[in-house]
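>
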Amino acid sequence: MRSIKIKYQNLITQRQLGDKLYVMETIRDLDEAIDQVCAALTTEESKDPFAEDLCPYFGILWPAAEGLAQFLSNNPALIKGKNILELGSGLGFPSLVASHLGGKVLTTDYHPDAEEYFLRNCRHSQVVAEYQRLNWRESREDIGQFDIVMGSDVLYESKHPSEVVEGLVRFVKPGGKILLSDPGRAYLQTFVKSMHEQGYREDLTGERVMEKEVFILLFERIN
Numbered sequence: 008m009r010s011i012k013i014k015y016q017n018l019i020t021q022r023q024l025g026d027k028l029y030v031m032e033t034i035r036d037l038d039e040a041i042d043q044v045c046a047a048l049t050t051e052e053s054k055d056p057f058a059e060d061l062c063p064y065f066g067i068l069w070p071a072a073e074g075l076a077q078f079l080s081n082n083p084a085l086i087k088g089k090n091i092l093e094l095g096s097g098l099g100f101p102s103l104v105a106s107h108l109g110g111k112v113l114t115t116d117y118h119p120d121a122e123e124y125f126l127r128n129c130r131h132s133q134v135v136a137e138y139q140r141l142n143w144r145e146s147r148e149d150i151g152q153f154d155i156v157m158g159s160d161v162l163y164e165s166k167h168p169s170e171v172v173e174g175l176v177r178f179v180k181p182g183g184k185i186l187l188s189d190p191g192r193a194y195l196q197t198f199v200k201s202m203h204e205q206g207y208r209e210d211l212t213g214e215r216v217m218e219k220e221v222f223i224l225l226f227e228r229i230n
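Per our numbering, the sequence shown starts with residue 8, numbered consecutively.
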């Protein structure tokens, strides 16, 4: 699949968490942006199964990302001084919060346009964090392992639970923590069961985002 560069229409939105104002640049309208991608693809390219990876889902500030960001802001001791990896970051709101709270953060996503938006949001919010493009389905020994591996709303396809478990477990240090936020998608229980099979148990809490409940799961290995 060739690289496609599209100029999306954007919005600036602000979120206040604790003493920090975060300024986020997002895609204005997801449906409009998807139409732009479809128009840029040839008929043959649109049939490619990898064409779905170009859809700009990364560019929206999803409730699960906001819920995870709120949870981090409310639990700064969990983050300070820790090495943190965010998988499937999209705009990277949780990474911005974790960095502000004193974490050393590596932010990752596979969409080719996610880096540009994340680095813009770092500048807008006056936060420093490192970014790498990463397919978390693949082993990457060069990036090492982390005290905390986190992700938000990454269970939206039937194949994702087992793949997400493998990715999260691959990158967490022995004794480290895995943090996942989810809006209650159908595959959440399958994911939790798979984490149990890997020897992890979870603490479960919730955050309210725009009248929606977001589930926050903090996993630690027990054997």
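C-beta atoms are modelled at their ideal positions from N, C-alpha and C, and glycine is treated no differently.
Here's a check: name, in chain order, each residue in its chain whose Cβ is nearer than 7 Å to the Cβ of Cys62, leaving out the five neighbours to either side.
Taking the sequence shown and counting its residues from 1, one reaches residue 62 at position 55. Cβ neighbours of Cys62 beyond the five flanking positions: Ile41, Val44.
> For the beta strand (DSSP E) holding Val216, just list the boundary residues, first then last.
By 1-based counting over the sequence shown, the position of residue 216 is 209. Per DSSP, Val216 belongs to the beta strand (DSSP E) from 207-216.
> In the DSSP assignment, find the alpha helix (DSSP H) that holds Asn128 and state where it starts and stops.
To locate residue 128, count along the sequence shown from 1; it is residue 121. Its alpha helix (DSSP H) spans residues 121-132.
> Determine, using beta-carbon pairs with one atom in the region 119-137 and one in the region 191-206, whether at least three such pairs fall under 8 Å.
Output reads no: the region 191-206 does not touch the region 119-137.
> Report yes if the CB atom of Val156 is closer than 8 Å to the CB atom of Gly183, and no otherwise.
Numbered from its first residue, the sequence shown carries residue 156 at position 149. Numbered from its first residue, the sequence shown carries residue 183 at position 176. Contact flag set, yes.
> Which class does Thr49 belong to by DSSP, given the choice of helix, strand or coil?
As a position in the sequence shown, residue 49 is number 42, starting the count at 1. Here Thr49 sits in coil by DSSP.
> Would you kindly work out how many angstroms separate the C-alpha atoms of Arg215 and Leu24, rounded to a whole number?
Counting from 1 along the sequence shown, the entry for residue 215 is found at position 208. Counting from 1 along the sequence shown, the entry for residue 24 is found at position 17. Each residue's Cα considered, the two are about 14 Å apart.
> Starting from Gln21, trace the alpha helix (DSSP H) both ways and give me its first and last residue.
As a first step, residue 21 must be located in the sequence shown, where it is residue number 14. Counting along the chain, Gln21 falls outside any alpha helix (DSSP H), though it belongs to the beta strand (DSSP E) covering 17-24.
> Below 8 Å on the Cβ atoms is my contact criterion, and I expect Glu122 with Arg140 to pass it. Report the Cβ-Cβ distance as a whole number of Å.
By one-based count along the sequence shown, residue 122 stands at place 115. By one-based count along the sequence shown, residue 140 stands at place 133. About 6 Å; that satisfies the 8 Å criterion.
> Which residue wins for smallest C-alpha separation from Ser106, given the options Pro119, Gly97, Ser80?
Translated into positions along the sequence shown, residue 106 becomes position 99. It is Ser80 whose Cα lies nearest to the Cα of Ser106.
> Any idea if Met8 is buried or exposed, counting beta-carbon neighbours within 10 angstroms, 16 or more meaning buried?
The residue you call residue 8 lines up with position 1 of the sequence shown. Confidence at Met8 is low in this model, with a pLDDT of 48, below 50, so the placement of that residue is unreliable and no value is reported for it.
> Could you tell me which of Gln152, Thr33, Pro190 sits nearest to Lys180, measuring between CA atoms?
Along the sequence shown, one-based indexing puts residue 180 at 173. It is Gln152 whose Cα lies nearest to the Cα of Lys180.
> Are Ala231 and Val221 close, meaning C-beta to C-beta below 8 Å?
This structure does not reach residue 231, given that the chain is present from 8 up to 230, and the question cannot be answered.
> Helix, strand or coil: how does DSSP classify Met8 here?
Residue numbering aside, residue 8 sits at position 1 when the sequence shown is read from its first letter. Because the pLDDT at Met8 is just 48, under 50, the model does not fix this residue reliably, and the point stays unresolved.
> To the nearest angstrom, how far is it from the Cα of Asp169 to the Cα of Lys87?
Taking the first residue of the sequence shown as position 1, residue 169 is located at position 162. Taking the first residue of the sequence shown as position 1, residue 87 is located at position 80. Note that residue 169 is Ser in the sequence shown here, rather than Asp. When rounded, the distance between both Cα atoms is 30 Å.
> How many Å lie between Val171 and Asp36 at the Cα?
Counted from its first residue, the sequence shown places residue 171 at position 164. Counted from its first residue, the sequence shown places residue 36 at position 29. So the alpha carbons of these two residues sit roughly 27 Å apart.
> Let me check one thing: in DSSP terms, what residues is Phe226 bridge-paired to?
Numbered from its first residue, the sequence shown carries residue 226 at position 219. Phe226 pairs with Ile185, Glu209.
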